[in-house]
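Structure, as structure tokens:
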Amino acid sequence: MPRAILKANAKDALRGNWGIAILSLLIGTVLVGAASFVFGIGELIVIGPIETGLALIYMKLSYRDNPEIGDLFAPFQNFVNTFFAGFLVTLFTFLWSLLLVVPGIVKSMAYSQTFFIMNEHPEYAGREAIDASQEMMRGHKWEYFVLNLSFIGWFLLSSLTFGLLLFYVMPYYQATMAEYYRYLKEEQETPRVESPEF
3 MPRAILKANA
13 KDALRGNWGI
23 AILSLLIGTV
33 LVGAASFVFG
43 IGELIVIGPI
53 ETGLALIYMK
63 LSYRDNPEIG
73 DLFAPFQNFV
83 NTFFAGFLVT
93 LFTFLWSLLL
103 VVPGIVKSMA
113 YSQTFFIMNE
123 HPEYAGREAI
133 DASQEMMRGH
143 KWEYFVLNLS
153 FIGWFLLSSL
163 TFGLLLFYVM
173 PYYQATMAEY
183 YRYLKEEQET
193 PRVESPEF
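Residue numbers (my numbering): 3 to 200.
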């Protein structure tokens, strides 16, 4: 799907929902930062549930499903699975990055759909969600890389505004990523028509 359509859909999803989009990101960032400050490695404990909660909110925005701030904390009810999803994504990305920067980037893209998948399949263990993400991203990593690259200008502009522009850019970015997941899911669910053999 063209990037312009994904971004247009993201802006449409955010219309009238900027409050919860911004607030959920703020709360999530504060909680992860506080956990890291208080417990040292506390970030690893909460990153999975928080990322899954943010994914849930932005998925609901994509489907026009009226998210609530409480959705951010819903994955804590499935703590074991969401914790291991976050822990393993962090661990595997770190280990691949030890080899070279590029393998780490490639693997982070392969794992990028993990937290969206955890919402649709809460019964998945962390590794199952990661494997499903890798399967979903097969053949789409370059496309995903270019989509992320298209936000570089926005992030550079944000640095010139002392981060204030991030209140617009981050929800816009997250909403676009949710639209991309939806696109991948729908593509995966569409039966492929085999070409006739001659």
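The C-beta atom is built at its ideal place from N, Cα and C for all residues, glycine as well.
None of these values were measured; they are calculated from a predicted model.
Buried/exposed call for residue i, threshold 16 Cβ in 10 Å
i	result
Val-148	exposed
Asn-11	buried
Pro-4	exposed
Gln-115	buried
Gly-128	buried
Gly-88	buried
Thr-54	buried
Trp-20	exposed
Asp-67	exposed
Ile-7	exposed
Leu-74	buried
Trp-98	buried
Leu-102	exposed
Ile-52	buried
Val-104	exposed
Ile-119	buried
Ile-2	Lying before the first or after the last residue shown, residue 2 is absent from the chain, which here runs from 3 to 200.
Phe-96	exposed
Close-in-space but distant-in-sequence residues of the same chain around residue i (CB under 6 Å, 5 per side omitted)
i	result
Tyr-60	Gln-176, Ala-177, Ala-180
Tyr-113	Val-91, Ile-132, Ser-135
Tyr-146	Met-111
Bounding residues of the alpha helix (DSSP H) (the contiguous stretch that carries residue i)
i	result
Met-3	Here Met-3 belongs to no alpha helix (DSSP H), and DSSP marks it neither H nor E.
Ile-51	Checking the sequence, you will find Pro at residue 51 rather than Ile. Where Pro-51 is concerned, the enclosing alpha helix (DSSP H) stretches over 44-64.
Glu-181	168-191
Ala-87	81-101
Gln-115	Where Gln-115 is concerned, there is no enclosing alpha helix (DSSP H), given that its DSSP letter is neither H nor E.
Phe-157	154-162
Ile-71	Neither: Ile-71 is in no alpha helix (DSSP H) and is coded neither H nor E.
Glu-125	Where Glu-125 is concerned, there is no enclosing alpha helix (DSSP H), given that its DSSP letter is neither H nor E.
Asn-150	143-151
Gly-30	20-41
Same chain only: Cβ atoms within 8 Å of residue i, ignoring 5 sequence neighbours per side
i	result
Leu-167	Trp-156, Leu-159, Ser-160
Leu-27	Leu-56, Met-172, Pro-173, Gln-176
Leu-16	Ala-23, Leu-63, Pro-173, Tyr-174, Ala-177
Lys-13	Tyr-174, Ala-177
Contacts around residue i, its chain only, beta-carbon distance under 7 Å, and the 5 residues preceding and following it disregarded
i	result
Gly-44	Ala-37, Ser-38
Met-138	Gln-115, Leu-186, Gln-190
Ala-76	Gly-55, Leu-58
Proximity test, residue i beta-carbon vs the ligand FMN heavy atom, cut-off 7 Å
i	result
Phe-75	Absence of the ligand FMN from the depicted structure is noted, as is the absence of any ligand whatsoever, leaving it without description.
| message | So, does the region 21-39 touch the region 76-84, judging by three or more C-beta pairs under 8 Å? | response | no
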